[in-house]
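Here is the structure we will look at.
So this is what it looks like as structure tokens:
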């Protein structure tokens, strides 16, 4: 590559960075139109691009930026005021410049597009209006007042500026003129002479004071950038050299501080030190190669450490431990070279949010937290499109129009918050808006019309499950496809793309108050922590990101603790039934179980938990993920392969695919949480299971077919209507009946302030029965029963070798809502077949 091509390449890199900053600055300027600092920064950026493009003979780019510079000059001088039309014009200028730069990068020349209309538009926007004239007079008066209090140039601290940074009054220049090569050359010569004079003067001292510009060059700041900054000072810019370079994005605050500290150290100021570090631009492909080699080194490290642990040689063991430490530090350092702050992805969002707000008629305030949160470059690329889609959805579907927000008592301007932070070895990203929220009833109606769920499935679903239907392929709440969101790409694509990189998506929403979508993604895909397990003599790696906990059941307790409900194995984990899956069954491997205990890996996928039973749990280690061959990819159970410390190859389990293959949940699984946890499937002509609940010290059975859903309701949300208790539930009042009162066992209060409620629904009417706790689901027929005369009890039976009372559901419902059946009959939705069958069983 010749010298000119290298200059063009540097120009492109710096110009792209400047354009990203311009997008942010213009959006900020629209919010703060009186900010002189922002105007100065924007003007200098356009001026720099214009001057360099003229030097490199890019005439079209020079003419375009010249038109924008003229508009910015008038805005800066107070002759014009910023308006939405002028902001849009400047943003269109940025887009056009970006397009020309892309053409130069691809072909080495400017594109053939005619930007005459944009140049004419920018020129027309320079025309002054009456409002501009009035604002200009006010700004001029303020400038005169401020100038009377401005410090003299001699007040500027000498120790902050380069000795060659003082403007030469004998050579005044117009700061709007482009930096032509001849003038730049002359300025460089004069600056060199002044530097030489400063060096001669310093020889009289015991130790010469280095020029700040020279120190910055050793910090990695480009020599041309330093000379251009000095030239700007000569043209009248009275800012320190470091401030100019930082504003241009050509140096960092850290570089300036270290250069000043080094300069102060030569002067004898405590804390100074010599600066010898440099900054290099490294190709991403080189970093990928380096990362791959470090991965191989990690594998070799694991093998050496494993071998050394089996030897009696203490010297070898110490060497292996030292190698382990060094490789770990090297791995961390190399991974940091690939890590980038999420702000590199977020820096395009202010412009996008601003444009979407204008096109959708929304007023949106974007807030970004955690800009410095770092991720692997590969991860950043993978989440770019999903994150963009979520932000567009939040503006198009979430945040309401200003007039609607005012009518709802909200500020006209909506709030969109993006937050990123590290937690538990993962990166958490939250997209939160204060918009209308997701309406479960609207989602349910769309799902019914689209055939995604059936009415019976919908009745058994909680609000959270209904909201999560937005992730089902083909689902959308939009009435028509627009250019803003939708476009045939739904939330299912967002979830799929996030889960491809080992992440998860969760959504919560409150109607009228907004929606929060939370992403959990790994830091990197190259090296991950994993748990190695054994099954049928083979070793498998399970990513720790999906692992919640480990459970070990002793052999003499396995039969008692592992239960079977209609052929499905479950384990009761702290009150919840955990579906169990045997790894050898899923992989279709037959072998005699050699283990002495039952090892359960509690895993999570798509928001559901299940237990994976393996033969042995070995250890945890960092593994290097290797891609699978084309033949193994088709199996759909493995996410990759790795080489363990002993040199053996191990397959990495894809937890989500494993759960689907084991039928823990299916693609369009929309049954209730209770049904999913118990994994109960009852044949149409088989016996009806009972939901066994606790009421005081009594066991009460309720037909499972008459349980629409199980809910936990805060006790504080219960209200009273006369002598009856009600709660606001799904847009209606839900009458509550306490079985403790019905059966005369006395009232009880839950320790955690939550009421456990059985909800029964017929038609559009529901009733809630409050119980003390859910004991189990009986998977066997009652072995005996007899008539009883006690109020609220239809019969008694021995269920699971325990005496269990059968609840009289009709009396319980009437006790909670006396008009329940009359209202259902009047609505034409009466169906008492469940009561008839229940009465036959109990009486």
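In my numbering, the protein residues as written are 1 to 843. All residues carry an ideal CB built from backbone N, CA and C; glycine is no exception. All values reported here derive from a predicted model rather than from experimental measurement.
Asked	Found
Cross-strand partners of residue 754 (DSSP beta bridge)	714
Close-in-space but distant-in-sequence residues of the same chain around residue 655 (CB under 6 Å, 5 per side omitted)	546, 603, 605
Beta-carbon proximity check, residue 460 vs residue 663, cutoff 7 Å	no
Residue from 714, 778, 730, 822 whose Cα sits closest to the Cα of residue 770	714
Nearest-angstrom Cα separation, counted from residue 371 out to residue 343	5 Å
At least 3 beta-carbon pairs within less than 8 Å: the stretch 737-745 vs the stretch 804-812	yes
Limits of the alpha helix (DSSP H) - the one that residue 324 falls within	314-338
Range covered by the alpha helix (DSSP H) that runs through residue 55	36-55
Classification of residue 820 by the beta-carbon crowding that lies within 10 angstroms, buried from 16 upward	buried
Among 558, 517, 13, 703, nearest to residue 434 - alpha-carbon criterion	517
Supposed close pair residue 617, residue 638 - CB separation, criterion 8 Å	Not confirmed; about 19 Å, so no contact.
Limits of the alpha helix (DSSP H) - the one that residue 657 falls within	655-661
Rounded C-alpha distance that separates residue 89 from residue 235	28 Å
First and last residue of the uninterrupted alpha helix (DSSP H) at residue 546	Taken as a continuous stretch (DSSP letters only), residue 546 belongs to no alpha helix (DSSP H), as it is neither H nor E.
Close-in-space but distant-in-sequence residues of the same chain around residue 720 (CB under 8 Å, 5 per side omitted)	726
Whole-Å CB distance - residue 216 paired with residue 226, under 8 Å assumed	6 Å
Local conformation of residue 864 per DSSP, three classes	It is not possible to answer for residue 864, since the shown part of the chain is limited to 1 through 843.
For residue 475, three-class secondary structure by DSSP	coil
Residue 504 - partner residues in DSSP beta bridges	520
Where residue 16 sits in the DSSP three-state scheme	helix
Residue of 397, 106, 415, 52 minimising C-alpha distance to residue 438	397
Rounded C-alpha distance that separates residue 560 from residue 689	21 Å
Residue environment, residue 647, which counts as buried when at least 16 other CB atoms sit within 10 Å	exposed
Unbroken alpha helix (DSSP H) run spanning residue 84, endpoints	84-107
For residue 816, three-class secondary structure by DSSP	helix
Residue 393 (DSSP reduced to helix, strand or coil)	helix
Cβ-Cβ separation, residue 522 to residue 502 (assumed contact under 8 Å), whole Å	5 Å
DSSP-derived helix/strand/coil call for residue 436	coil
For residue 762 and residue 772, the rounded distance between their alpha carbons	24 Å
Boundaries of the beta strand (DSSP E) in which residue 705 is found, first to last residue	Note, residue 705: premise wrong, no beta strand (DSSP E); not H, not E.
Separation of residue 349 from residue 70, as counted between CA atoms	27 Å
Pairwise C-alpha distance: residue 512 and residue 698	42 Å
Span separating the alpha-carbon of residue 644 from that of residue 299	7 Å
Assigned secondary structure, residue 604 (DSSP; H/G/I helix, E/B strand, else coil)	strand
Whole-angstrom distance between residue 716 and residue 341, CA atom to CA atom	44 Å
Residue 766, enclosing beta strand (DSSP E) - first and last residue	765-771
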